[in-house]
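Reviewing the structure listed below.
2 protein chains.
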Amino acid sequence: MIHVAVLGYGTVGSGVVEVIETNKEAIDKRSAANLNIKYILDLRDFPGDPYENKVVHEYDIILNDPEVAIICETMGGLHPAYEFSKQALLAGKSVCTSNKELVASHGPELIRIARENHCNYLFEASVGGGIPIIRPLNYSLTAEKIDSITGILNGTTNYILTKMDKEGADFEEVLKEAQDKGYAERNPEADVEGYDACRKIAILSSLMCGKNVGYEEIYTEGITKISSRDFLYAKQMDKSIKLLAMSRDREDGFFAMVAPFLIPRSHPLYSVNGVFNAVYVHGNMLGDSMYYGRGAGKLPTASAVVSDVVDCARHLGKTVMCFWENEDVRVADIETDQGKYFVRVDNGQREAVMEAFGALAEISVGISEEFAFITQVMTEREFNEKIKKAGGCINRIRMLSA
Amino acid sequence: MIHVAVLGYGTVGSGVVEVIETNKEAIDKRSAANLNIKYILDLRDFPGDPYENKVVHEYDIILNDPEVAIICETMGGLHPAYEFSKQALLAGKSVCTSNKELVASHGPELIRIARENHCNYLFEASVGGGIPIIRPLNYSLTAEKIDSITGILNGTTNYILTKMDKEGADFEEVLKEAQDKGYAERNPEADVEGYDACRKIAILSSLMCGKNVGYEEIYTEGITKISSRDFLYAKQMDKSIKLLAMSRDREDGFFAMVAPFLIPRSHPLYSVNGVFNAVYVHGNMLGDSMYYGRGAGKLPTASAVVSDVVDCARHLGKTVMCFWENEDVRVADIETDQGKYFVRVDNGQREAVMEAFGALAEISVGISEEFAFITQVMTEREFNEKIKKAGGCINRIRMLSA
């Protein structure tokens, strides 16, 4: 029997218990063991809950119980999740987590401690809850040099943008509806400003490089400036607007960013709608591949945590493969990135724009007070200089090349 | 140093050598070893080839060399691939294969022999060359009870159907063009009759069940009857036509089939075009997930074989997890399956059809000599009886429910 403790009996933690109980037979078979949930750590009591007698309030009970081999950290937040995880690993107990904030901040350190103590720090659930992506990157794409990763990594913003696209509604209106339905937090900043997607692409980028890509280094732009008008133009161009998190192993260095992009209909990410997320990976031998699933949600996320538990159970006393060294990767400046831009300016700026940008492709949807266009390929620096010369813009959205 | 032998220096075999050489640094790091290609078995000589001095003509040289720990079987065909693989495993040498025919025919036996000899029989490349799907099923979806798998598993037929869809061309015409371009074999039967997809869904179904799903048990229908007219109607319905291979864990038993289906635009498989393939998986906790990539091709397939080599290298002397017992699963009869059907009949049958089917939805694209319609949900048996009563049909295509 392998004893498991769950830290935090909230949405994901209770999901972990539910997954282990519902699929017990299959999970035990694949673990080659009988998994037993011995403790659930929470500050609260859960009278009447079928697991109420497993609930403990002090972490030391779990930490000092030599029978506990695997800990599911589903608390979220940096503290005390960091201290708890570190103590567990130092005691040789494997930790499986859904905590992207902690992984993005302290991943390489916790992975190193796990290695030194012959246990594991696994985090499949930290990126795209219901998309198996960490394990495919670590175990499947082992013959590849990965050139680029492009992901739709946040369910809330994808839900909002999909709604705006389908219904022609404005951002504030759809956000409010999403909040009412529980798809968006009351304080939606982490999602709509792109911070959540940024943590996730930092994790994927680090696995891509085998070194540490700090999330603070990644240029991040949210979706709050996207309006129903932008979608009018997008439709005209047969494109959609998605919040993309991407990293590129460019010739001149590593680059990563989070921002809304116009995506052509022919691109597989175009059809990733609503709460679904996807990760598009390019390898030098494999070419393009994509991993698609629910980005979040209680049971999908819990299922990912439990798949890590199975991995830990099968590798007790042994550290599984994960390359993420504590050596920082320099992320190239956003100003060096290049592409085409879709730009909306006041109609009065038409001549100034023509002068600054030269060749461009006008896009019209019959809004007389605006002039909208697509630029040639240029760097962000060039674009910023030119648009400044032309007197600024109402909005500009980057375009994903096909 | 871990010594590797490659059996068959054709497209995939030479790809394996290329992948190992091109990405040597990354692959050695992930293998925690220095991988060395010691032998290449082929009947031919390759004068001038950089690896010509590794080419041997007798398998015994490889089999009797205790240094060889891993064998890549990229010969294809049942014999002598079966004998070679079995001998290797009995000698404790792991085998990595791209040979779907062999895996579908002798998978459980070879897996058992590998287990008994503390080595591995791995076959990531046997289904969807460039789509990591076997390892995700075995290692990632370990907390799931998989309910269904729906795949576009053959690149040739998907290329043909995509071309027919986009260009309004007829099957024979597109097939000829695909043959001229090398996307289809001179003898295209294995692809266009669905036999290739059938082998692949048999493998995925077996992994889903943990028991053996014989490919001979699976109802298989190819794409040779699909015409440009079918695509006219499909467009009218905002659908496309794809060759799907599917398996379902139904309440009344296990079911699997291969056949062309009408797919709605909203389904993620709708956008899987050209030589790309995808596998759509539904788990009881995770919900829907999808794995997308190149279905075939030299380097994608070789990359998958080499990812198995890395797995073997990291688990020398130890068998990795794979549940596929040699116990046959009964596949339910196609007549028990149910769904809606799109049907085209001669316009003269209109009344007979109305009488036989009752409620139906007419689809018109202005072809006066035809009457086309969508049935209600019914079993295949019911459909067959009704359409017989109505005097047969020009074509009928099953509809994928959303």
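Heads up: the sequence lines are chains A and B, in that order.
If you read the first sequence in the working numbering, its first letter stands for residue 1, the second for the next number, and so on.
If you read the second sequence in the working numbering, its first letter stands for residue 1001, the second for the next number, and so on.
Glycine included, C-beta positions come from ideal geometry on N, C-alpha and C.
Bear in mind that the values here come from a model prediction, so they are computed numbers and not experimental data.
Note down the Cα distance separating residue i from residue j, rounded to an integer number of angstroms.
i	j	result
Thr1319 (chain B)	Ala32 (chain A)	13 Å
Thr1336 (chain B)	Arg1381 (chain B)	7 Å
Phe261 (chain A)	Leu243 (chain A)	6 Å
Gly1295 (chain B)	Leu1153 (chain B)	7 Å
Pro1268 (chain B)	Tyr270 (chain A)	10 Å
Ala197 (chain A)	Leu400 (chain A)	17 Å
Lys235 (chain A)	Glu25 (chain A)	49 Å
Leu1204 (chain B)	Lys1340 (chain B)	25 Å
Ile263 (chain A)	Leu1110 (chain B)	46 Å
Arg135 (chain A)	Ser1364 (chain B)	48 Å
Ala278 (chain A)	Tyr1059 (chain B)	44 Å
Glu1116 (chain B)	Ile1397 (chain B)	46 Å
Glu1217 (chain B)	Leu161 (chain A)	45 Å
Tyr51 (chain A)	Tyr9 (chain A)	10 Å
Lys1038 (chain B)	Ser1247 (chain B)	40 Å
Ala1361 (chain B)	Gly1297 (chain B)	42 Å
Glu1067 (chain B)	Phe1231 (chain B)	56 Å
Val1305 (chain B)	Ala1313 (chain B)	12 Å
Gly1214 (chain B)	Val1272 (chain B)	27 Å
Val17 (chain A)	Ser1105 (chain B)	39 Å
Val12 (chain A)	Asp1288 (chain B)	18 Å
Ile1020 (chain B)	Ile1027 (chain B)	7 Å
Arg30 (chain A)	Gly48 (chain A)	31 Å
Met1378 (chain B)	Val1353 (chain B)	15 Å
Phe1281 (chain B)	Ile1149 (chain B)	Position check: residue 1281 (chain B) holds Val in this sequence, whereas Phe was assumed. Whole-angstrom Cα-Cα distance: 5 Å.
Ile241 (chain A)	Val1055 (chain B)	53 Å
Val1343 (chain B)	Asn1053 (chain B)	60 Å
Ala1081 (chain B)	His315 (chain A)	33 Å
Is there a C-beta anywhere in chain B that falls below 7 Å from the one on residue i?
i	result
Ile71 (chain A)	no
Tyr233 (chain A)	no
Ala287 (chain A)	In the sequence as displayed, the identity of residue 287 (chain A) is Gly instead of Ala. With 7 Å as the cut-off, Gly287 (chain A) counts as an interface residue toward chain B.
Asn154 (chain A)	no
Asn23 (chain A)	yes
Ser307 (chain A)	yes
Leu299 (chain A)	yes
So with Cβ pairs under 7 Å, would you call residue i a contact of chain A?
i	result
Val1019 (chain B)	yes
Met1290 (chain B)	yes
Ile1027 (chain B)	yes
Glu1144 (chain B)	yes
Pro1136 (chain B)	yes
Gly1151 (chain B)	no
Ser1303 (chain B)	yes
Pro1268 (chain B)	yes
Tyr1139 (chain B)	yes
Looking at residue j and residue i, is the spacing between their C-beta atoms short of 7 Å?
i	j	result
Phe1371 (chain B)	Val1345 (chain B)	yes
Glu325 (chain A)	Lys211 (chain A)	yes
His1003 (chain B)	Asn1036 (chain B)	yes
Thr1220 (chain B)	Gly1253 (chain B)	no
Val1275 (chain B)	Gly1182 (chain B)	no
Asn34 (chain A)	Met1 (chain A)	yes
Leu102 (chain A)	Val95 (chain A)	no
Ala356 (chain A)	Lys389 (chain A)	yes
Glu124 (chain A)	Ser368 (chain A)	no
His1079 (chain B)	Gly1317 (chain B)	no
Lys93 (chain A)	Ser126 (chain A)	no
Leu1299 (chain B)	Gly1015 (chain B)	yes
Ser1085 (chain B)	Pro132 (chain A)	no
Asn347 (chain A)	Lys225 (chain A)	no
Could you spell out the range, first to last residue, of the alpha helix (DSSP H) harbouring residue i?
i	result
Asp308 (chain A)	Lys298 to Arg314
Asn1384 (chain B)	Glu1380 to Lys1389
Val1017 (chain B)	Thr1011 to Thr1022
Val1174 (chain B)	Phe1171 to Lys1181
In terms of residue numbering, what span does the beta strand (DSSP E) encompassing residue i cover?
i	result
Met1290 (chain B)	Gly1287 to Arg1294
Asp346 (chain A)	Gln338 to Asp346
Phe1357 (chain B)	It is not in any beta strand (DSSP E) - Phe1357 (chain B) instead sits in the alpha helix (DSSP H) that spans Arg1350 to Phe1357.
Val192 (chain A)	From DSSP, Val192 (chain A) is part of no beta strand (DSSP E) but of the alpha helix (DSSP H) over Glu189 to Val192.
Below 6 Å, is the gap between the Cβ of residue i and the nearest heavy atom of the ligand PLP?
i	result
Asp1308 (chain B)	Although the ligand PLP was asked about, the structure shown includes no ligands whatsoever.
Practice task
Go through the segment 216–266 of chain A residue by residue and report every complete run of the beta strand (DSSP E) that reaches 3 residues or more, in order.
Solution key: Counting only runs of 3 or more residues that sit fully inside the segment 216–266 of chain A, the beta strand (DSSP E) segments are 239–250 and 253–264, in chain order.
Exercise for the section: Let me know the alpha helix (DSSP H) ranges lying completely inside the segment 1086–1162 of chain B, each 4 residues or longer, listed in chain order. Expected result: Scanning the segment 1086–1162 of chain B from its first residue to its last, the whole alpha helix (DSSP H) runs of 4-plus residues come out as 1100–1116.
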